[in-house]
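If you want our numbering, it's the 1-based position in the sequence shown plus 10.
For every residue, glycine included, the Cβ atom is placed at its ideal position computed from N, Cα and C.
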Amino acid sequence: MTELGGYHDRVARVDLSLGEVHYEAIDDDDAKKYIGARGLGVKYVFDQGPDVDPLGPDNLLAFMTGPLTGTQTVMSGRIAVVTKSPLTGTVTDSHHGGWSGARLKWSGVDGLLFEGKAEHPSYAVIEDGEVTLHDAREIWGWGVHDTISELEAEVGGTLGKNLSVMAIGPGGENEVKYGCIVNEDDRASGRGGTGAVMGSKNLKAVVVKSGTKMPKPADPDTFKKGYQQAMQLIRESEVTAPNEGGLSLYGTNVLMNAGEELDGLPTKNGKYTSTGAMREAEGGTIDAENVSGENVRENILVDEPTCHSCPVACKKEVEVTIMHKGKEMNVRGESYEYESAYALGPNSGHTERDEIAVMIDRCNDMGVDTIEMGNMMAMAMEMSEEGKLDSLDEQLDWGDTERMIDLIEEVANRENQLADALAEGANGLAERFDAHSNSLAVKGQTIPAYDPRCMKGMGIGYATSNRGACHLRGYTPSAEILGIPEKADPHEWEGKGDLVALFQDMHAISDSFDICKFNAFAEGIEEYVLQYNGMTGLDVTEDELLETGDRIYTLERYYNNLAGFDGSDDSLPGRFVPGDEAIPGQGASEGQLCELEEMKEEYYARRQWVDGVVPDERLEELSIDVGPGTGVSRGDSPAPADD
């Protein structure tokens, strides 16, 4: 057990097969070594074993909070969902904001561990530290929005006050490989297929009912000092300043115009590095400004809700009305995010602002990842153009927004041949149609909205991310676009391996607290240490906390190594790197390709890994004393490349 501040020392282990709930304490050594949320969740998933079938009953689905979740700490409303991914086969953690993380902590537990498979569709309710299971057969097949409304009425709470619902839609129920979990305000644990794992367990929703009693810091003076420093920095930042900073005014979509100007916005399945480059080559009216944060704010913004303890309010709620198949369609919803707008817009060959809002809303209701859904459709469009989908009943044309809107629901329900093929994710689609050259995936997960030909740090970041292509493992655009903590030339590769490793460790820390990554636009390791020590009563140094981030990241890599991954999987799509499939960048990124191999060498040296594998000495140095080891030593040479 642990007596550290910030923990209830209570985790519910739910055996869905037996319908039983048991409660366990948190091992004190694990709490100190892995903190909570992402880190502790990965430890629980590791202990379940890396050989489990992601969609089998033995896979663990962990909903985890951290010691700072639900506290006064700025931006501390997040929750981590950790499991083995059906999309990638790696360990994955996917986070969402809003209020469900804080309310889970306030309900009296630190986390929920679901294993097994319920006999029939069920949902879980957590209140006053107790978990109960209920029949969900009547709502199985429903979209997320109707599910949340129904469960709000059934459980007797009020959304926005004391109730949070985290639910799956048909996408998760039908085990779409990128099915996601959506909470009460359209915030999603979107990546890696966490919703598909939930669906495989016949678990429709997790409902949290709670008061608002915040955990108290063990050392109030130290915590107060850290909190005040953090808040001051957030207020002063040009990015996070409430009602003034770019993130506060325009949300994440503040980056759309910035990415376009740098020629760092993947367009038309990554063939172009901006919409401007596509216009120059092909003509047409595609223009990223149409779907930018500035355009959204001026034309369709209706509200700016926020998460627990967050003054930034980056969420932008919009309302649009479009004509779809001759009928008027009105949609109001959150999450007009940069990543969603990129994947469902420019990367799919169009910039129809209002239609993208409808697509985002439909993805959320169906419970599928917006990034993966948009990129899968872009991949299918390119494959159609090349004749690779001729064996199917239909093709998909670039920028066909009417068809895209309908296809989202079809994919979630696997309604036809094309939809069923897209539901399998990039690796599945590529294998079936020999279309690896059309895939923008790393380890099976497709890239977000940062072109690695422009932002070289994102190139090595995508390649070495433990959960597949991801910007949130190590957010180098902070330095490459915004100059935080200092400016880095986006086209320069040297030093990016070291930079990515540092960012990955810092984000592993914040994800384990669990606080929003956007704090990193203002805060640093000093503020992290003060708030962590103040809440828990520990006395860790900055170096010790950074080592904890390294330990968490290395544990994830160790899990992946035992699951069969090594340096050959730390790759990038062929169009981004030198080789036969290379498509050099255009415009401000003219001629650029990503020097991945050079950066990998630098990165592995920083991590002290051998060709992407954690050597046993490194496990010992970081006190990772679980499992058999990889059998690799730092004295080993990398395996020769295949002929």
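Exposed unless 16 or more other CB atoms sit within 10 angstroms - verdict on residue i
i      : result
Asp196 : buried
Gly153 : buried
Asn636 : Residue identity differs from the one stated: residue 636 is Val in this sequence, not Asn. Flag for Val636 reads exposed.
Ser319 : buried
Met288 : buried
Pro588 : exposed
Asn253 : exposed
Gly645 : exposed
Asp652 : Residue placement at Asp652 is poorly supported in this model, since its pLDDT is 46, which falls under 50; the coordinates still yield a value, given next. So Asp652 ends up on the exposed side.
Val642 : buried
Pro638 : exposed
Gly200 : buried
Val312 : exposed
Tyr33  : exposed
Ala291 : exposed
Thr157 : buried
Ser345 : buried
Leu70  : buried
Thr142 : exposed
Leu272 : buried
Ser401 : exposed
Ala163 : exposed
Strand pairing of residue i, partner residues [DSSP]
i      : result
Gln455 : Val452
Asn340 : Thr331
Gly121 : Val21, Met74
Val92  : Ala72, Asp103
Tyr33  : Ala22
Leu173 : Leu169, Lys219
Val623 : Val620
Gly189 : Val378
Glu137 : Glu140, Lys219
Ala198 : Val192
Asp145 : Ser132
Leu632 : Paired residue(s): none; Leu632 is not in a bridge.
Leu213 : Ser132
Contacting residues, own chain, Cβ-Cβ under 8 Å from residue i (five flanking each side not counted)
i      : result
Leu257 : Val249, Thr250, Val264, Val322, Cys324, Phe528, Phe531
His334 : Val368, Glu412, Ile415
Glu13  : Asp19, Asp38
Ser633 : Lys43, Arg561
Gly384 : Ser350, Tyr352, Ala353, Leu354, Gly355, Asn357, Ser358, Met369
Lys223 : Trp116
Thr285 : Glu270, Leu275, Thr277, Ile296, Asp297, Ala298, Pro356, Thr361
Asp524 : Gly46, Ala47, Arg48, Met74, Thr75, Gly76, Leu78, Thr79, Ser86, Arg88, Ile89, Ala90, His105, Gly111
His155 : Asn374, Asp375
Ala228 : Leu14, Gly15, Gly16, Gly544, Met545, Thr546, Gly547
Asp626 : Gly639, Thr640, Gly641, Val642, Ser643
Neighbourhood of residue i by C-beta, 7 Å cutoff - its chain only, sequence neighbours within 5 removed
i      : result
Gly205 : Ile178, Gly181, Gly182, Gly189, Cys190, Ile191, Gly377
Ser7   : With the chain running from 11 to 653 in the structure shown, residue 7 is simply not present.
Met241 : Val84
Thr232 : Leu540, Asn543, Gly544
Ala649 : Residue placement at Ala649 is poorly supported in this model, since its pLDDT is 47, which falls under 50; the coordinates still yield a value, given next. Cβ within range, chain order: Asp621.
Ile332 : Met339, Asp364, Glu365, Val368
Beta-carbon separation (whole angstroms), residue i vs residue j, contact threshold 8 Å
i      : j      : result
Glu420 : Asn426 : 6 Å
Glu22  : Val119 : Here residue 22 is Ala; the residue named in the question, Glu, does not match the sequence. Right, the Cβ-Cβ distance comes to about 5 Å (below 8 Å), so this counts as a contact.
Gly658 : Gly99  : A query on residue 658 cannot be resolved here, the shown segment of the chain reaching from 11 to 653 and no further.
Ala518 : Tyr563 : 5 Å
Ala388 : Asn279 : 4 Å
Gln541 : Tyr282 : Actually they do not touch by this definition, with Cβ atoms about 43 Å apart.
Gln579 : Lys610 : Here the sequence assigns Asp to residue 579, which means Gln is not the residue at that position. With a Cβ gap of about 11 Å, Asp579 and Lys610 do not count as contacting.
Leu26  : Asn212 : 7 Å
Gly467 : Ala498 : 7 Å
Pro462 : Phe586 : 5 Å
Lys94  : Val52  : Wrong, their Cβ atoms sit about 10 Å apart, outside the cutoff.
Lys219 : Gly167 : 5 Å
Beta-carbon contacts of residue i that lie in its chain and below 6 Å, excluding the five residues immediately before and after
i      : result
His144 : Tyr133
Leu572 : Pro60
Gly409 : Gly359, His360
Asp478 : Looking at the sequence itself, residue 478 is Gly, so the reference to Asp does not match. Counting only Cβ-Cβ distances below 6 Å, and skipping sequence neighbours, we find Thr98, Val452, Lys453, Gly454, Gln455.
His7   : Absent from the model: residue 7. The displayed extent of the chain is 11 to 653, so no value can be given.
Any chain D beta carbon closer than 8 Å to residue i
i      : result
Gln239 : Among the protein chains of the structure shown there is no chain D, as only one such chain exists.
Restricting to runs no shorter than 3 residues, where is the beta strand (DSSP E) found entirely within the segment 473-519?
none
Runs of 3 residues minimum, wholly inside the segment 274-337: which ones carry the beta strand (DSSP E) assignment?
311-313, 327-334
Complete alpha helix (DSSP H) runs within the segment 357-404 (minimum length 4 residues, chain order)
363-376, 380-395
Alpha helix (DSSP H) segments (min. 4 residues) lying fully within the segment 229-265
230-246, 256-260
Pick out the complete alpha helix (DSSP H) segments inside the segment 529-616, 4 residues or longer, and give them in chain order.
535-546, 552-572
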